[in-house]
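These notes are about the structure you will find just below.
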Amino acid sequence: MVKKKLPNNTGLITTLFLFGVGLWRVTPLTLEVSVALQALSLLFLGMLVFQYKPQVPLLFKKEIFFIYASVTCSTVMAAVYHKQGLSTTLVTQRFMYFYLVYFALGALNVSSANVEKALKYTAIFFGCMYFLQYLVYPAMVFYFPKVQIERSTLRFRVDGFEFLIFLAAFSINRILNKNILFYPLLILSLVVNLLSGSRFLVAITVFTIGLVAFKSKNVSFGLKVFVVVLFALSVFFIIPSTYVSTITETTQKELAQGSDYIRIPAAYYYLTTYNTDIPTWIFGNGVYDANSSYGLQVLAIGENFGYYLGDIGFIGEFVRFGIFYFVVICVLLYRAIKHSLKVDPVLNSYLVGITVFYIISWPFGHAPGIILFSAVLYLIGKKRYEQNNFQLA
1 MVKKKLPNNT GLITTLFLFG VGLWRVTPLT LEVSVALQAL SLLFLGMLVF
51 QYKPQVPLLF KKEIFFIYAS VTCSTVMAAV YHKQGLSTTL VTQRFMYFYL
101 VYFALGALNV SSANVEKALK YTAIFFGCMY FLQYLVYPAM VFYFPKVQIE
151 RSTLRFRVDG FEFLIFLAAF SINRILNKNI LFYPLLILSL VVNLLSGSRF
201 LVAITVFTIG LVAFKSKNVS FGLKVFVVVL FALSVFFIIP STYVSTITET
251 TQKELAQGSD YIRIPAAYYY LTTYNTDIPT WIFGNGVYDA NSSYGLQVLA
301 IGENFGYYLG DIGFIGEFVR FGIFYFVVIC VLLYRAIKHS LKVDPVLNSY
351 LVGITVFYII SWPFGHAPGI ILFSAVLYLI GKKRYEQNNF QLA
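So in UniProt numbering, spot 10 of the sequence shown is number 10, and the numbers just go up one at a time.
Structure follows, in structure tokens:
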């Protein structure tokens with residue numbers, strides 16, 4: 001085991017984040033290139049974890065080990081109950097391996113400031129990429145698997161909006177501490193979330209911003225209210241009125257539908273009709289590959305009934321990984337929120353925000369969400385360690 005301490009390198013960490021998130025989507029490059037870069041980042045993360053000893057205490061390593069145990073069990077379930085090959089599942093669930101980010105940051109002993117910079121740069125890259133593509137459409141500068149025109153906006157289907165939520169929380173915290181240079185980043189994060197056409201993303205961003213504002217201890221209540229109101233007014237003038245009216249009409253329609261709202265019967269179907277065996281309740285059904293018989297079955301359910309596994313939040317993850325995984329995640333979130341409460345209002349607010357809204361959209365079901373979550377977990381332990389050392393000094 002090599003014990004050499006590597007230097008903090010924001011560029012290296014940012015590159016790993018971008019490769020892992022899959023944001024190298026320039027159209028001359030094929031989707032296969034993006035996937036290959038993602039695999040390369042996983043390989044490099046694994047090398048760091050196995051070659052270098054962690055330099056700081058890792059508060060949440062037990063929970064992450066249990067997550068990997070649950071993923072292993074669900075892989076077996078996919079083979080036993082759905083006849084999907086082990087190798088197929090191991091490749092398909094590659095996004096789950098990005099919890100390695102947590103251990104790799106510990107191996108590199110990256111300072112909290114450098115991790116925050118890497119997260120900020122990744123979010124800015126994502127936001128600028130999305131906004132540029134929105135401006136030049138129908139010309140495609142970046143590759144997106146699906147493009148829709150609905151809710152008075154262009155919707156590019158891509159993972160990574162979690163970074164913009166974090167950027168919004170990070171920026172409002174800096175603004176409240178009288179660093180107005182972060183105001184454009186705050187606007188960027190919300191504008192791009194609005195352009196996505198997702199009410200969930202807008203709601204969680206505004207909710208998280210509000211939490212950060214009212215958790216800040218170094219700012220007067222009057223200034224908090226002023227900044228939040230100024231932010232709201234800025235957004236009001238930026239958002240097109242047609243967008244607001246469309247979102248309002250859609251929300252009212254779905255509320256009026258009640259139990260007929262498609263996500264409710266979809267959740268009921270997957271919890272009862274689809275998932276009936278005790279072992280799969282405990283260990284899950286595994287991640288499906290779209291080309292396997294298991295994947296074709298799940299996709300057919302979505303096409304025929306409108307019951308898409310990815311639309312039912314934590315229930316979809318429960319179906320894939322089982323109650324064992326769900327309990328581990330709940331314990332991990334509880335401990336992370338508890339520790340972050342004393343460490344950083346941004347980290348705490350982000351965790352509370354995703355916990356409140358995770359019922360609708362599970363943030364840990366794709367690589368970007370897991371990369372960001374792993375970095376946040378590392379930041380909690382690292383900041384606590386840095387604060388304790390500072391007090392001792």
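Heads up, the beta-carbon is just placed ideally off N, CA and C, and yes, glycines get one too.
No experiment lies behind these values; they were computed from the predicted model shown.
query, result
"DSSP three-state assignment for F95, whether helix, strand or coil", "helix"
"Span of the alpha helix (DSSP H) around K120", "112-136"
"Inter-stretch contact at 8 angstroms, needing at least 3 Cβ pairs: the region 161-181 / the region 192-212", "yes"
"Distance between L188 and K53 (C-alpha atoms, nearest Å)", "38 angstroms"
"Residue span of the alpha helix (DSSP H) that contains L296, given as start and end", "293-305"
"Counted within 10 angstroms of its Cβ, other Cβ atoms place D344 as buried (16 or more) or exposed", "buried"
"Reference residue 417, options G313, P57, E386, S196, closest by Cα", "A query on residue 417 cannot be resolved here, the shown segment of the chain reaching from 1 to 393 and no further."
"Chain-order list of residues whose beta-carbon lies under 6 angstroms from that of G286 (same chain, five-residue window excluded)", "S74, T75, M77, A78, T89"
"Run of the alpha helix (DSSP H) containing L105, from where it starts to where it stops", "100-108"
"Where S293 falls, given that 16 or more other Cβ within 10 Å makes a residue buried", "exposed"
"Backbone secondary structure at L392 - three-state DSSP", "Confidence at L392 is low in this model, with a pLDDT of 43, below 50, so the placement of that residue is unreliable and no value is reported for it."
"Contact set for I351: own chain, Cβ-Cβ below 8 angstroms, skip 5 residues either direction", "A small fix is needed here, since residue 351 is Leu in this sequence, not Ile. Excluding sequence neighbours, L351 sits near L333, A336, I337, S340, V376."
"Buried versus exposed call for Q51 [16 or more other C-beta atoms within 10 Å across all chains shown]", "exposed"
"Where the alpha helix (DSSP H) through P345 begins and ends", "345-357"
"Simplified DSSP state of N275, which is helix, strand or coil", "coil"
"Cα-Cα separation between Y270 and L37, rounded to whole angstroms", "34 angstroms"
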